[in-house]
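A short write-up of the structure that comes next.
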Amino acid sequence: MNYFSPFPFVRFTIALILGIVIYNFFTPSHLQPIFVVWLLSISIYIALYIFRQRFKNHLLIGFTGFAVLLLTGLLRTFLVTESNFPQHYSHNVSRLSHFEVIVDNLVEEKENTWKCIAEVRSVIVNNQILTSSGKILLYFDNRTVEKPNYGDVYLIKGNPQEISASKNPEEFDYRQYMAWQNIGFQQYCTVSAIEKVGNEKPNLIKALALKTNIVADSIFTAFVEGKQEYGVANAMILGQRDDIDSELMQAYSAAGAIHVLSVSGLHVGVICAVLVFLLGFLNKRGKNGKFVMLLIILTSLWFYAFITGLSSPVLRSTFMFSVILIAKTFQRKDNSYNTVAFSAFCLLLINPYFLFNVGFQLSFLAVFGMIYFQPKLNPLVVIDKNKSWFHWLADRTWKVTTVAIAAQIATFPITIYYFHQFPNYFLFANPLVILLSSVVLMYGLGFVIMAKILLYFNLEAILYLLGQGLKFSILALNKTVLWFEALPFAITKFLWISEGEMYLMYALIFKLMVLCKTQEYHWVKTSSVIVCVLIALTINKKVKQMNQDFLLIHSIPKHSAFSVVKGKRVLLLANDSFLKSRKDIGFRMNNFWAKAGVMDTLKRDLNQNQVLKSFGVISQSKDSVTIIAWKNKTFLWLGKNLKRKEFNAQNQFFDYLILANKSVNDLTQIVGKVQFKFLIIDASYSDWYADKLSNQAKLLGLNCINLRKQGAYQIDDSD
C-alpha cells in the first residue's frame, strides 16, 4: 500500500530534500555533469509520460520523476552556492589588497562592535579592480567608527579571514551555520582600514522595511519602560534579542518558551489565529466575505514581516501561512499535508539551505504535528463550550493544550538533538505563555501602528499610557515564565542523542502512526525492533559515560578553562570572569557536558587552592601562577605577564606548561627556568601572539600545542 499516494507534494518535497542533502554530502565542484544528467532525466521522463499507454509502467515513470526532482534539488543547491562561481571574492582572498562592500542587512550592536552582513562588489588585486560578488561578515569597532546603515558603501583595506570552525567538543559550529547563509569570511574593521565612499539602496523595499523596524524600535525605546520589558518587546515584535539578559533568556528556556523570543512561525501563527477568530463572522458571508477576510489577514501577516525588517524566519512562516490560507479559501477539497508540503517545496526551491535552518525544521515539523495529532487528541476530552463562559474557557484551554502536545510530539526528537534539554512543565506553561505572548504580540503591533498616529497629533500622554499597558502585559509574561523556572525540576538538562538516534525516534513515531491507522501486526514488530535498538544504544552510551576519566583544556578566546570529567561528574577550573558569565558557560560547555552525560557540575576558580580528591585534582595558586596535579600528570599554568627575573622553577618538572594572558611574550623568558614535556599556548592569547610563540617553539625544538589553531586538547588517564 502506498501511504503517500494522496499527497503528491509530500513526495515531491522528499525528492527535492534528498537532492539537497546529497549535494551537501558530496559537494560536487562542476556544474556541467549535473546539468547534463538533469536534462537527460527530464527527457526520459517526458518520453515515458508520452508513451505511458504503451509501456504501462507507472512505477518506472514515478521513479524517473522522483529522480528529476532529486537532481533539481542537487542542481539548485549548486546554483545558490555563491562560492561555486569564479567571480566570488573567495577565489582572490589571499591576493587582494582592498575590497568594496555594501551593507546588505540590519546592523547589530554588540559589546564593542557593530556587526553586519555586506555584499562584496569588487576587489583590488595587483592595483587592478575586479568585479566580484559574495557575502561577508563585518565587525566595525564601535568606539571609533560610526554605526553603519543599510546601503552604506565602504572601501576596506586588508584580507578577509576565514570564519573559524568550532574549537571545542560539540560546540556550536558557527562556521557551518554561516556557510549555510553563503558566508565564509569575516573582517574586523578599524577606522584606519575603512573609507566610506557612498550610500546606495540595493533594495528599496528592504530599505523601507529596515527603516520601519528602526522607527518601531525608537518607539519602544521611548515609551516602554524597563530594560527587560523593552528587550522582550524588541525580541517578540522586531526580532532583536540583543537587549535580553541571559538570566531571563534562561527562564524562557526552562519554561519551554524560548521560541517566544524569536520572531518565527509561532508569531505568524498567533497573528493568523487571532485574526481568524476576530474575523470569523466574515467567513459566513459567502465568497466576498471570505475574500475580504483573506485580504485582511494576508495584509496583516505581511505587515508583520515588514516590521521585522523582512527577517528570513518571518518571511518563511508568512509564506507558509499565506499558502495555507489561500488554499483553504479557494480549494474545495483541502489537503493540509499537500498545502504545507507545497510551501516547503517552494521555499526550498528559492533557497535550498533553508533545509538546514533549525527554525525551518521546527516550524514545518510543528505544523505537520498539529495537523496530524491535534484532531486525534482533541476528542479525548469533550467540553460543552455552550454551557457557560467557564466551559468555553476550558474548551479553549484544552484546544491550546492539544496543539502544544501535538507540536511537542513532532518536534521532541529534533529539540533534544539541538538543545539537549526538556522543559518538564511545558504542558502547564504553554497555554499560559501562548495566551500572554499573543496579547503582547497583538498589543505591540497595535501599539506601533497607533504610535505613529498619536505622535502625528502630539498625543504623547495617551501613547505613554498605552506604553504602560504594553509594559505590564510583558511584565505578566515575564513573571509567569520566571515562576515556572523557579519550580523544582523545571528543566531536564544535558540530554544527548546522536543524529542516528534522532532519525530512529522519528522512524518510531512514523511507524506508530501507521500502526494506529492500519492495526497491522507487522508494524508492531518493526516498532519493537527500533525500540530495542534505541535501548541498546542508550545502554552503551551510559556505560561509556560511567567510565569516562579525562581532562580537557578548552580553547576559549580571552579565557582559560579546564574540564575534569570523572564518570558523570565534571569539575570546571577556569578564570573568575568566565565562571561569572552564565552565557559563556552555556555556549561553550553545555553541549559538551550533555554528550558526557553530566549529572553534577562543580565550578572552581583557577586562581585558588583546591583539594578535590573525588576528581583526583590538587591545585596550588599564588599570584596567577597555578600548579595542578591530576592523576600522574602535573600542569603549570602561568596566568599573568612575567618579568624576566620574577619566575624560576628550574628544580621542578611539569608534564604541561600552559601559557595564558600574555604571561610570556618571548619563550626566552622561560627556557632554562622551567622543565616541561609539552608547551600549551591557550586561547587567551591573540592569534598573532600565539602564532609567534608557536613558531619560536618550533625553532627551539619544543613540543607545542597552540589551542587557537588546534582547538581543545584532551588528556586521558592512560596518556
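Numbering of the sequence shown is given in full-length UniProt numbering, commencing with residue 1 and proceeding in unit increments.
For glycine and all other residues, C-beta sits at the position ideal for the given N, C-alpha and C.
The beta carbon of residue 347 sits closer than 8 Å to the beta carbons of 316, 319, 320, 354 and 360 from its chain, once the five residues preceding and following it are set aside; these are given in chain order. Residue 162 and residue 184 have their C-alpha atoms roughly 6 Å apart.
Runs of alpha helix (DSSP H) with 4 or more residues, each lying fully within the region 590-620, are absent. Counted as a single uninterrupted DSSP element, the alpha helix (DSSP H) harbouring residue 576 occupies residues 576-579.
Of the residues 132, 124, 447 and 324, the one whose Cα lies closest to the Cα of residue 341 is 324. Assigned with DSSP and collapsed to three states, residue 133 falls in strand. Within the DSSP bridge table, the entry for residue 569 names 566 and 600 as partners.
Counting along the chain, residue 485 sits inside the alpha helix (DSSP H) bounded by residues 460-486. Under the three-state reduction of DSSP, residue 389 is assigned to helix.
In terms of Cα proximity to residue 431, the closest of 573, 459 and 395 is 395. DSSP places residue 38 in no beta strand (DSSP E) but in the uninterrupted alpha helix (DSSP H) bounded by 31-50. Residue 62 is positioned such that its CB atom lies no closer than 8 Å to that of residue 19.
Your pair residue 330 and residue 344 does not check out as a contact, with CB atoms roughly 20 Å apart and the cut at 8 Å.
Distances from the CA of residue 261 to each of 154, 702, 433 and 466 were compared; the closest alpha carbon is that of 433. Bounds of the alpha helix (DSSP H) holding residue 698 are 687-699. The Cβ atoms of residue 690 and residue 557 do not sit closer than 8 Å to each other. A Cβ-Cβ distance of about 13 Å is found for the pair residue 584 and residue 592, leaving them out of contact under the 8 Å criterion. The three-state secondary structure of residue 630, taken from DSSP, is strand.
Closest option to residue 166, judged by alpha-carbon separation, among 51, 554, 602 and 113: 554. In the displayed model, residue 139 falls within a strand according to three-state DSSP. Between residue 566 and residue 614, the CB-CB gap stays under 8 Å. A residue is called buried when at least 16 other Cβ atoms come within 10 angstroms of its Cβ; residue 582 does not meet this threshold and is exposed. Here the C-alpha atom of residue 70 lies approximately 15 Å from the C-alpha atom of residue 350. Cβ atoms of residue 464 and residue 223 come within 8 Å of each other, at about 6 Å. One thing to note: residue 429 has its Cβ within 8 Å of the Cβ of residue 484.
Here residue 654 really is in contact with residue 674; their C-beta atoms are around 7 Å apart, less than 8 Å.
Straight-line measurement puts the Cα of residue 208 at about 12 Å from the Cα of residue 303.
Across the structure, residue 539 and residue 352 are spaced so that their CA atoms are roughly 37 Å apart. Taking a contact as a CB-CB distance under 8 Å, the pair residue 154 and residue 101 counts as one, their CB atoms being some 5 Å apart. In terms of CA proximity to residue 198, 152 leads the group 586, 152, 693 and 597.
Taking all protein chains shown into account, residue 535 has fewer than 16 neighbouring C-beta atoms within 10 Å of its C-beta and is therefore exposed. Linking residue 597 to residue 711 through their CA atoms gives a straight-line distance of about 22 Å.
Note that the C-beta distance between residue 667 and residue 697 is below 8 Å. The C-beta of residue 264 has 16 or more other C-beta atoms within 10 Å across all chains shown, which makes the residue buried. Here the alpha carbons of residue 685 and residue 187 stand approximately 19 Å from one another. With a minimum length of 4 residues, the unbroken runs of alpha helix (DSSP H) contained wholly in the region 177-237 fall at 204-223 and 227-233.
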